[in-house]
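Shown next, in structure tokens, is the structure this report addresses.
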Amino acid sequence: MTPQPREEVMCIAAYVGGESTVAGANRVLKLSSNEGAFGPPPTAQAAYAQAAAEIHRYPDGGSNELRRAIGIRFGLDPARIVCGTGSDELIQHLCHIYGGRGTDILMSRHGFIMYEIAGTYAGSRVQKVPERDLTADVDAMLAAVSPATRVVFLANPNNPTGSMLPQDEVTRLRRGLPSEVLLVLDAAYAEYVERLDYDPGVALVDAGENTVMLRTFSKIYGLGGLRVGWAYAPAGVVDALNRVRGVFNINRGAQAAAVAALAEPGWVERCRTHNTLWRERLGQALRDCGIKVWPSEGNFVLADFTTAAAATAADAHLRTRGIIVRGMAAYDLPHCLRITVGTAEECTLVAEALAALMAGTNTRG
Ligand SMILES: *Cc1c(COP(=O)(O)O)cnc(C)c1O
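Counting from 153, one number per residue, gives the positions in the sequence shown under this note's numbering.
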């Protein structure tokens with residue numbers, strides 16, 4: 153006999169991150185992981201470098217300075233904030249705290265795959281609720297609730313579809329859920345949203361004891377490599393998370409860099425403005441060459457090639473040019489590719505490469 157993992161562990165398909173190399177290509181455009189287009193904020197890089205002299209010291213286990221800085225920046229009470237090793241860590245803990253064998257966790261059909269991995273690991277049954285036009289369907293979510301339901305995850309905007317529920321729909325979801333069901337609003341892409349009917353979740357967290365908002369430094373703040381996320385949550389959820397999270401979960405360099413990133417002047421505005429402009433240009437360029445592009449509120453677009461074969465061919469073509477995007481088979485969207493909005497040059501190159509492919513395809517009939 154060898155040691156046997158719990159049954160549910162072997163049901164999990166390991167997460168496959170965006171690739172970063174292409175055999176034979178010396179210059180690679182990595183548009184596969186929704187990382188910020190402009191790299192890390194310069195002050196965050198400097199703060200990280202400066203922290204090097206102190207790395208023999210354990211970090212502050214409470215991430216106090218970071219929580220204070222987040223509180224100031226977002227107008228929130230630091231006592232209601234918990235930092236995680238990426239929001240991934242917090243997703244995992246929420247599943248284990250509130251889920252487990254005999255419970256259900258709900259997510260929308262093409263929701264962020266970490267919910268499925270973490271929920272299954274916790275022992276819950278993860279139910280994927282049908283969407284409408286690749287958008288979470290509040291009525292279907294509410295209809296799927298059973299006495300076993302403990303947690304509902306909603307990425308808003310959603311990765312990989314880019315779709316968003318307006319605030320009144322999220323509020324309707326919360327109102328329709330039993331009070332003992334935890335609603336987790338994952339607002340990883342909140343900073344990119346320009347729509348006025350959007351709220352990342354603060355109002356609903358404040359309105360009760362049963363809603364959590366998750367945020368991350370991995371996207372607009374450009375610190376994916378350091379793994380920093382945070383939750384804004386009711387006191388009871390904060391207390392539970394603090395009992396089980398990694399004691400020193402945010403390392404010293406990451407805390408310093410995240411604090412500095414929040415203080416980088418104009419960073420978020422500059423990134424958002426660039427993203428809105430190039431998300432539109434990239435989307436239009438793809439539509440111009442005959443590719444369907446789903447509306448997106450994030451820093452990526454979902455390009456729909458209609459068939460899995462066409463998407464696979466497009467992916468292969470991009471790779472020959474050293475461009476890496478994300479295949480969507482794991483999300484049950486094998487006919488789609490998710491393309492991160494990169495720099496102006498990167499967006500132009502990926503659009504040109506796809507235009508060349510589509511022109512060739514069209515002339516060949
Ligand atoms: C990228 C992403 C996150 C962030 O994960 P981290 O662990 O903080 O890097 C969370 N949720 C969604 C939907 C994402 O796309």
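Where is the CB? At the ideal position from N, CA and C, for every residue including glycine.
Which of the three DSSP states, helix, strand or coil, is assigned to residue i?
| i | result |
| --- | --- |
| C441 | coil |
| G517 | Confidence is the limiting factor: at G517 the pLDDT is only 42, short of 50, which leaves the residue's position unreliable and the question unanswerable from this model. |
| G388 | helix |
| L228 | coil |
| A383 | strand |
| G176 | coil |
| L183 | coil |
| A205 | helix |
| P157 | coil |
| A166 | coil |
| E217 | helix |
| E421 | helix |
| E171 | coil |
| G223 | helix |
| V322 | helix |
| G405 | helix |
| E523 | What the structure shows of the chain is the stretch from 153 to 517, and residue 523 is not part of that stretch, so it cannot be assessed. |
| A199 | helix |
| P211 | coil |
| P193 | coil |
| V396 | helix |
Please find out if some non-hydrogen atom of ligand 1 comes closer than 7 Å to the beta-carbon of residue i.
| i | result |
| --- | --- |
| K371 | yes |
| T492 | no |
| D338 | yes |
| W427 | Reading the sequence as shown, one finds Asn at residue 427 and not Trp. It does not: the Cβ of N427 is nowhere closer than 7 Å to a heavy atom of ligand 1. |
| F264 | yes |
| T368 | yes |
| A410 | no |
| A307 | yes |
| G238 | yes |
| G398 | no |
| A451 | Strictly speaking, residue 451 in this sequence is Asn, with Ala absent from that position. No. |
| L186 | In the sequence as presented, Leu is not what sits at residue 186; that position holds Asn. Flag set: Cβ of N186 near ligand 1. |
| G376 | yes |
| N405 | Position check: residue 405 holds Gly in this sequence, whereas Asn was assumed. No, the beta carbon of G405 sits no closer than 7 Å to any heavy atom of ligand 1. |
| N394 | no |
| N401 | no |
| G214 | no |
| N311 | yes |
| G314 | no |
Taking residue i and residue j to be in contact with their CB atoms under 8 Å, please state how far apart those CB atoms are, rounded to whole angstroms.
| i | j | result |
| --- | --- | --- |
| V345 | V303 | Not really, about 24 Å apart at Cβ, beyond 8 Å. |
| H245 | R397 | 6 Å |
| T272 | E416 | The Cβ separation is near 38 Å, so there is no contact. |
| R490 | R473 | The pair is not a contact, with the Cβ atoms about 17 Å apart (cut-off 8 Å). |
| Y167 | M266 | 7 Å |
| G191 | C423 | Actually they do not touch by this definition, with Cβ atoms about 11 Å apart. |
| S370 | G238 | 6 Å |
| I269 | R404 | Actually they are not in contact, since the Cβ atoms of I269 and R404 sit about 28 Å apart, beyond 8 Å. |
Any heavy atom of ligand 3 closer than 7 Å to the CB of residue i?
| i | result |
| --- | --- |
| G381 | For the structure depicted, ligand 3 is absent and the ligand set comprises only ligand 1. |
Contact between the stretch 494-506 and the stretch 171-186 (3+ Cβ pairs under 8 Å) = Contact between the stretch 494-506 and the stretch 171-186 is present, because at least three Cβ pairs lie under 8 Å.
_My parser needs the alpha helix (DSSP H) runs of 4 or more residues fully inside the stretch 324-381; what are they?_
Look at the stretch 324-381 and you find these whole runs of alpha helix (DSSP H), each 4 residues long or longer: 354-359.
Check whether the stretch 299-314 and the stretch 450-460 touch, using three or more Cβ-Cβ pairs below 8 Å as the test. Yes: the two stretches touch, three or more of their Cβ pairs being nearer than 8 Å.
Whole beta strand (DSSP E) elements within the stretch 234-320, 3-residue minimum: Segments of the beta strand (DSSP E) lying fully in the stretch 234-320: 256-260, 277-281 and 301-307.
Task: Segment contact, 8 Å Cβ cut-off, at least three pairs: the stretch 368-384 with the stretch 406-414 - done: Touching, per the Cβ criterion.
Continuous beta strand (DSSP E) assignments of at least 3 residues falling wholly in the stretch 436-516 = For the stretch 436-516, the full-length beta strand (DSSP E) segments reaching 3 residues or more read 444-446, 452-456 and 488-492 along the chain.
_Quick check: the stretch 213-232 against the stretch 240-259, are at least 3 beta-carbon pairs closer than 8 Å?_
No, because fewer than three Cβ pairs between the stretch 240-259 and the stretch 213-232 fall closer than 8 Å, the two stretches do not touch.
- Message: For the structure I just gave you, are there three or more beta carbon pairs, one from the stretch 165-174 and one from the stretch 388-397, closer than 8 Å?
- Response: Verdict: no, contact absent.
Cβ pair count under 8 Å reaching 3, the stretch 275-282 against the stretch 249-259: Note that the stretch 275-282 touches the stretch 249-259; at least 3 beta-carbon pairs, one per stretch, sit closer than 8 Å.
query = So does the stretch 341-361 actually touch the stretch 422-436, counting three or more Cβ pairs closer than 8 Å?
reply = In this structure the stretch 341-361 lies against the stretch 422-436, because at least three pairs of beta carbons, one per stretch, are closer than 8 Å.
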